[in-house]
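*Asks:* Structure below; questions to follow.
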Amino acid sequence: MSQLTEKLPHISKDNRILLVIVVALSFFTLEVVVAFITKSLALLADAFHIFSDILGYAVAWLAARYANRAALGPKSAQFTFGYRKAEELGGFFNGAFLSALGVSVLLQSIDRFIEPSEIKNPILVMAVGAAGIGSNVLMLIILGGHGHTHGPEDSHGHSDETHEESHGRRGHEHKGQQHDGHAHARPREKKKKSFADINVLGILIHILGDAVNSIAVIISAGIYYATGFRYSDPIASVLVGAMIISTAMPLILRAGRSLLSAAPQHIDVDGVKEDIERISGKGTVHDLHVWSIDAKSPVASLHLLQSDDSLATFEKNAEAIRQCLHLWGLHNVTIQPETSLPAASGSAAQCDDTCDRDHDHELNDRQPSVQTIVTGREPREGSEAVPADVSTCARACFRRCHAVGDA
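What follows is the structure in structure tokens.
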């Protein structure tokens, strides 16, 4: 196997997946033909299981080939994250297809239990099952060297180890679970599985499942050939159907979590917030969101409240927060600063009165726009005015009044 794998060093990951699709499609055709000839339900169920795998391989191929935005071309600029959700979307529909297939196989198995049918030429069924195992081995060989090749998504990524080393060169030092004078709320382990190549990993799981199904087909046909036991085929069909459903449900749940922008399961969002507030202070963090673009790209965004307009203070806190989130495996982080307003007194009270006259939300029928509040001017004719909320008004007025006072 290693010698054959070494002959494929220059084939890219997406081309390897394409070869796997060709092999699987060829064997699917063979199984369907033989299943109808021999009237083997177990073989037919295995064939359509392979077909569902082919759909999954196709999605993995698309994800590997069009993983980044640049591969889409200028006409698809609205897909700012590329097709990196394609795997989850395809996985969800593939899981739904698998579930329907599994239920269909189980229902047909019940019919075969009531009226068992004769399998024609069980030796041919065993031969096709053995060929199925051979095709699975061939597909494993094709994918065997995937770790040495890189798809387009690797051009803009980085390994977690590299990122840690870069922080180390910047003087950021980790000792146990402490950094920058605060301890993490709870220990955590980095789960490398979450950052693995999920496309190839999923294909390997499908291939192993197909191999198990092929073994079940061989055993059922062998039992029928040796003993004439007519229930061997429906029993094998039940096992194949149950395996199909057990494969489909985790696929649906995982894809559904991603499509609903749920936080990765290995990240405790409450723990993340606690760690951040150990740096910036209690109650300074809100609108904290953690989600995943794909299995390798967890993302976080948050609003950070501070008591002054000092850029240096914000940058200091933001850098410490980024280093903290890095330990959680969150490298793509957006931090939006917000300034809390001091108690109204003196010039601040006069500022509030002025702002109230400028745009009283209760007296004016028309809600002011962000452009009007921040710049003091109405938006240009023909441009769309973006409505502002009360917090936007307060912060903008405070800055404008202080800018006038400083002048």
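Each residue of the sequence shown is one higher than the one before, starting from 265 at the first, in my numbering. Idealized CB from N, CA, C, for every residue including glycine.
Measure how close the beta-carbons of Ile540 and Cys588 come, nearest whole angstrom, since I'm counting them as under 8 Å.
*Replies:* Contact holds; Cβ gap of about 6 Å.
*Asks:* Which of the three DSSP states, helix, strand or coil, is assigned to Asp424?
*Replies:* Its pLDDT being 40, under 50, Asp424 is placed unreliably in this model, and the coordinates cannot settle the point.
*Asks:* As a quick exercise: from Ala506, Lys349, Phe312, Leu326, pick the residue whose alpha carbon is nearest that of Pro562.
*Replies:* Ranking the options by Cα distance to Pro562, first place goes to Lys349.
*Asks:* Along the chain, where does the alpha helix (DSSP H) containing Leu524 start, and where does it finish?
*Replies:* Neither: Leu524 is in no alpha helix (DSSP H) and is coded neither H nor E.
*Asks:* Compute the Euclidean distance between the alpha carbons of Ile690 and Leu468, then round it to the nearest angstrom.
*Replies:* This structure cannot settle anything about residue 690, because the visible part of the chain is limited to 265 through 671.
*Asks:* If you count every other CB in all the chains shown that lies within 10 Å of the CB of Lys277, and 16 or more means buried, which is it?
*Replies:* Classification of Lys277: buried, given that the 10 Å Cβ count is 16 or more.
*Asks:* Are there 16 or more other CB atoms within 10 angstroms of the CB of Ser556, so buried, or fewer, so exposed?
*Replies:* Buried, because 16 or more other Cβ atoms sit within 10 Å of the Cβ of Ser556.
*Asks:* If the criterion is Cβ atoms closer than 7 Å, does the pair Ile508 and Leu365 meet it?
*Replies:* Contact flag set, yes.
*Asks:* On a CA-only basis, which of Ala324, Glu295, Leu326, Lys303 is nearest Ile314? Give me that one, please.
*Replies:* Closest option to Ile314, Cα to Cα, is Glu295.
*Asks:* With distance defined between alpha-carbon atoms, name the residue in Met403, His470, Phe343, Ile383 nearest to Asp317.
*Replies:* Here the closest residue by C-alpha is His470.
*Asks:* So what does DSSP say about Ile531, is it helix, strand or coil?
*Replies:* If DSSP states are grouped into helix, strand and coil, Ile531 belongs with coil.
*Asks:* If we count the other Cβ atoms within 10 Å of its Cβ and call it buried at 16 or more, is Met513 buried or exposed?
*Replies:* Under this definition Met513 is an exposed residue.
*Asks:* By Cβ distance below 6 Å, which residues in the same chain neighbour Leu552 in space, the five residues on each side in sequence not counted?
*Replies:* Only Lys537, Leu566 meet the Cβ criterion.
*Asks:* If you run the structure through DSSP and keep just helix, strand and coil, what is His595?
*Replies:* His595 falls in the coil class under three-state DSSP.
*Asks:* Looking at the unbroken alpha helix (DSSP H) that takes in Ala564, where does it start and where does it end?
*Replies:* Premise fails: Ala564 lies in the beta strand (DSSP E), 562 to 570, not in any alpha helix (DSSP H).
*Asks:* Assuming Val481 and Asp310 are in contact, meaning their beta carbons sit under 8 Å apart, how far apart are those beta carbons, in whole angstroms?
*Replies:* At roughly 6 Å, the Cβ-Cβ gap stays under 8 Å, so Val481 and Asp310 are in contact.
*Asks:* By the DSSP assignment, the alpha helix (DSSP H) with Asp375 in it spans what residues?
*Replies:* Taken as a continuous stretch (DSSP letters only), the alpha helix (DSSP H) holding Asp375 covers 350 to 378.
*Asks:* Where does the unbroken beta strand (DSSP E) through Ser304 begin, and where does it stop?
*Replies:* It is not in any beta strand (DSSP E) - Ser304 carries neither H nor E in the DSSP assignment.
*Asks:* Is any beta-carbon of chain C found at less than 7 Å from that of Ile509?
*Replies:* In the displayed structure, chain C is absent; only one protein chain is listed.
*Asks:* Let's see if you can read the secondary structure: which residues bound the alpha helix (DSSP H) around Ser399?
*Replies:* Note, Ser399: alpha helix (DSSP H), 386 to 407.
*Asks:* When burial is assigned at 16 or more other CB atoms within 10 Å of the CB, is Glu352 buried or exposed?
*Replies:* Glu352 is buried by the Cβ-count criterion.
*Asks:* So Leu568 and Ile599 are supposed to be a Cβ contact under 8 Å. How far apart are they, rounded?
*Replies:* About 5 Å; that satisfies the 8 Å criterion.
*Asks:* If you draw a straight line from the alpha carbon of Ala527 to that of Ile487, how long is it in whole angstroms?
*Replies:* Approximately 48 Å, taken between the alpha carbons.
*Asks:* Select from Gln342, Gly473, Gly545 the residue whose C-alpha is nearest the C-alpha of Phe578.
*Replies:* Among Gln342, Gly473, Gly545, the Cα nearest to that of Phe578 belongs to Gly545.
*Asks:* Considering only residues of the same chain and omitting the five flanking positions on each side of His422, which have a CB-CB separation below 6 Å?
*Replies:* Summary for His422: the model assigns pLDDT 38, below 50, so the residue's position carries little reliability; its value from the coordinates is reported in the next sentence. No residues qualify anywhere along the chain.
*Asks:* Could you check where the beta strand (DSSP E) with Ser556 kicks off and where it finishes?
*Replies:* Run containing Ser556: 549 to 556, per the beta strand (DSSP E) assignment.
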